[in-house]
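With this note's numbering, letter number 122 in the sequence shown gets 118, and the count goes up by one each step, no holes. Where a beta carbon is used, it is the ideal one built from N, C-alpha and C, also for glycine. Down below is the structure, laid out as structure tokens.
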Amino acid sequence: MSWGTELWDQYDNVSQHTQKGLDFLERYGHFLRDRANIEVEYAGKLRKLVKTYLPKKKEEEDLQFSCMSSFRDMLNEINDLAGQHEIISENLNQICTRDVQTRAKELKEEKKRNLVEGVRHQNHLQTQLANLDRAKKNYEKAFRASETALETFQRADADLNLSRAEVEKTRLQSLYKSQQCEDTKKEYANQLDKANEMQNSFYRVLMPSVFQGLQDVDQRRVKCMKLNMKQTTEMECRVYPIINKCFDGILKSADAIDDETDSNLVIERFKSGFQPPEDIPFEEDLSAIKNGEAPPIQPNGYGNSLKPESQSLTYKGTMSAGKSKKRTGIFGIFGNTKPGNNTDGRDDYSELPPNQRRKKLQQKIDEFSAKIQQETAARDGLVKMQSVYQSNPNLGDPSAIEGQLRESVQRLQKLQQEMHKYQSYLNEMDMPQNGGYGSSNGSRTSQNRSSGSDESLSRSASDLSQNNHHHNKPSAPGTPLPSSHGSSNSPESGISTSHTSLPDSDFEQNDTENGEYDDPLPVLGTCEALYSFEGKTSSEGSIPMYLGEQLYVVELDQGDGWTRVRRQNSLEEGFVPTSYVRITLYSNC
């Protein structure tokens, strides 16, 4: 059904309805805007809530408890949930709200054009109708004048007293009025035809076109709301699976809470390692003293005036329990033994109970071991970079790397000294274990953990050796240059066979003075050559291999694309491209 045919006489009502529809579309756009603001406000409040209750750095030690770690995971999921609400807000603002506003503006302009066109057509019709009415009035006036002139002529012609001249005059006047009436009649007929034609065109062509434009505007407005509502719903449907995953993560975090594990962690965290105190002996027999007798010997082997030192120890293993302050907080009832409470300036954690002290020392050893590995990798990168500069001076000056290498070696020495210091503290704790308490597993464990780091240090120290004396400079006047015993370094490997070292390096100097050298690198696994490789003819420091050859792997790829291998029938070692071999590591590596 068309508005042009069905509502041809309801122009004002159609115009008002169209305007109300566009106002409603704008109101819907304001609704989307306000809803987007609510979503982003809700997301902001969620993030603020998470930031408020997220465990602080000083509380990170308590995250080992399942309830605390699960609470942190729940906060992280809520933070992700806030991000999804921000996505909803962004979609509503950028896609839906802007699309509605743009469409409403376009429809308003199109409605305005149709209304202007309708007003123009109405003005044309009104003008034509006014011309018809004027022509009709002229015709009526001329007709009356013609009738009056005719009657005057007829009376004059019948009057015998009038002369023929006067009668002729009235006759001519009657003829003139009759002709004028006929002209106005023709004009009226002409204007009537034009008015009818204009009216038919107005109601059957022009205005139906205007009504059709207004109907199209209204239908597009309704369709815009329909599509926009579906679009906003589909956007939320795409986000809600992620929101459900956040809720699933919260449920998973709740399931991870284990009261038994938390209780055991409390024991592991605060266990001192001391035994409960023995029964208090009956120290003095007052009646015997009154009679002048000597007091009896107590079963613990001490007299009544002497007490073993262990009897004066508190449940925390210290002499200052009587001066301890009142603890606050849920974990305050277990005491507060922090390394910072040491008053003698030592960093051996001697103020802690044995179990806690051993755990702290082992943590420090592991921490320095990780730092040593990191610093060793950085130093190896510098060595390889210097080797590349030596083989191709256009890339850079090798002497510019020497200062960084010396600093790296000094940092490695310092880290190794710190790690050995804590190892000695741990060994001191384990030394008296054969005398009656504890176990020696802790010492062996720490030695095993640190053996890999020591081996890495000794190996990395040997890797620092340089043989290109053209780029090495003495650290002070009068210092001799290191001697060269080998070939130039490989650009890919950064390893040379020279036994000279950088200035200020003490690793290989000690080995050289004692006449000792590093043992061959341990075998980590085997590899099979997938392609043939020419070796030294294409890259210095590498070895050739043929398709299908089996080799030992002695050093894994450090990120430069090269793997160090050894032939199975000799001690020849070198580097091959990692992508050219298929590596199989041993199970203990």
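Exercise. Per DSSP, Gln546 forms a beta bridge with which residues?
Worked result: Glu524
Exercise. Using DSSP with H/G/I as helix, E/B as strand and the rest coil, what is Gln443?
Worked result: Unreliable placement is indicated for Gln443, whose pLDDT of 40 sits below 50; no coordinate value is reported for it.
Exercise. Are three or more beta carbon pairs between the region 251 to 260 and the region 53 to 66 nearer than 8 Å?
Worked result: Yes: the two stretches touch, three or more of their Cβ pairs being nearer than 8 Å.
Exercise. Apart from the five residues just before and just after Pro350, which ones in its own chain have a Cβ nearer than 6 Å to its Cβ?
Worked result: Gly269
Exercise. DSSP three-state call for Trp558: helix, strand or coil?
Worked result: strand
Problem set entry | Nearest residue (CA-CA) to Ala138, options Glu183, Leu71 and Cys233 | Glu183
Exercise. For Leu581, which three-state DSSP category applies?
Worked result: Under the three-state reduction of DSSP output, Leu581 falls in the strand class.
For this session: Please look up how many angstroms separate the CB atoms of Thr166 and Thr144, rounded, as I've assumed it's under 8 Å.
Result: Going by Cβ atoms, the distance from Thr166 to Thr144 rounds to 11 Å, so no, they are not a contact pair.
Exercise. How long is the line joining the alpha carbons of Leu567 and Glu56, rounded to whole angstroms?
Worked result: Roughly 50 Å between the two C-alpha positions.
For this session: Taking only the alpha-carbon atoms, compute the straight-line gap between Tyr542 and Ser528 and give it to the nearest angstrom.
Result: 4 Å
Exercise. Taking just the CA atoms, how far does Gln358 sit from Asn260?
Worked result: 20 Å
Exercise. Thinking C-beta only, is Ile361 closer than 8 Å to Gln419?
Worked result: Yes; because the gap between Cβ atoms is below 8 Å, this pair is in contact.
Problem set entry | CA-to-CA distance, Leu552 to Asp459, given in whole angstroms | The predicted position of Asp459 is uncertain, since its pLDDT is 44 and thus under 50; a value taken from the coordinates is nonetheless stated next. Approximately 15 Å, taken between the alpha carbons.
Exercise. What is the residue span of the alpha helix (DSSP H) that Pro350 lies within?
Worked result: Pro350 to Ser387
For this session: Establish whether the CB of Asp155 and some CB of chain B are separated by less than 8 Å.
Result: Of the protein chains in the structure, only one exists, and it is not chain B.
Exercise. Hey, would you say Leu42 sits closer than 8 Å to Ile74, going by beta carbons?
Worked result: yes
Exercise. Is it the case that the Cβ atoms of Cys242 and Val96 are separated by a distance below 8 Å?
Worked result: no
Exercise. For Val201, does the count of other Cβ atoms within 10 angstroms reach 16, so buried, or fall short, so exposed?
Worked result: exposed
For this session: Please name the residue or residues paired with Gly399 in a DSSP beta bridge.
Result: DSSP, once it has assigned bridges, lists no residue as partnering Gly399.
Exercise. Taking the alpha carbon of Ala662 as the point to measure from, which residue in Phe266, Gly17 and Val577 has its own alpha carbon closest?
Worked result: Nothing can be reported for residue 662, as the shown portion of the chain is limited to -3 through 585.
For this session: Return the residue from the list Asp344, Phe61 and Lys44 that minimises the CA-CA distance to Glu256.
Result: The shortest Cα separation from Glu256 among Asp344, Phe61 and Lys44 belongs to Phe61.
For this session: Determine the extent of the alpha helix (DSSP H) in which Gly114 is found, giving its start and end residues.
Result: Arg94 to Ala154
Problem set entry | 8 Å CB neighbourhood of Ser(-2) in its chain, flanking five on each side removed | Pro204, Phe207, Gln208 and Gln211
Exercise. From Lys173, Val550, Tyr49 and His416, pick the residue whose C-alpha is nearest to that of Thr574; which is it?
Worked result: Val550
For this session: In angstroms with no decimal places, state the Cα-to-Cα distance between Gly34 and Leu28.
Result: The question names Gly, but residue 34 in the sequence shown is Ile. If you take the alpha carbons of Ile34 and Leu28, they lie about 10 Å apart.
Exercise. From what residue to what residue does the beta strand (DSSP E) around Gly570 run?
Worked result: Glu569 to Pro573
Exercise. Who are the Cβ neighbours of Ile246 in its own chain at under 7 Å, not counting the five residues just before and after it?
Worked result: Met70 and Glu73
For this session: For the region 192 to 266, list the alpha helix (DSSP H) runs that are entirely contained and at least 4 residues long, ordered along the chain.
Result: 203 to 251 and 255 to 266
Exercise. Between the Cα of Gln195 and the Cα atoms of Asn119, Thr14 and Ala141, which residue gives the shortest distance?
Worked result: Asn119
Exercise. Which stretch, first to last residue, makes up the alpha helix (DSSP H) that contains Gln15?
Worked result: Element bounds for Gln15: Tyr7 to Tyr49.
Problem set entry | Meets three-Cβ-pair contact criterion under 8 Å: the region 43 to 54 and the region 14 to 22 | Flag = no, the region 43 to 54 and the region 14 to 22 do not touch.
For this session: Identify whether Phe529 lies in helix, strand or coil by the three-state DSSP scheme.
Result: strand
Problem set entry | Cβ-Cβ separation, Leu77 to Ile239 (assumed contact under 8 Å), whole Å | 6 Å
Exercise. Among Val384, Lys356 and Arg407, which residue has its Cα nearest to the Cα of Ala374?
Worked result: Arg407
Problem set entry | Nearest candidate by alpha-carbon position, reference Tyr24, set Glu545, Arg217 and Arg130 | Arg217
Exercise. Under the three-state reduction of DSSP, which class applies to Glu347: helix, strand or coil?
Worked result: coil
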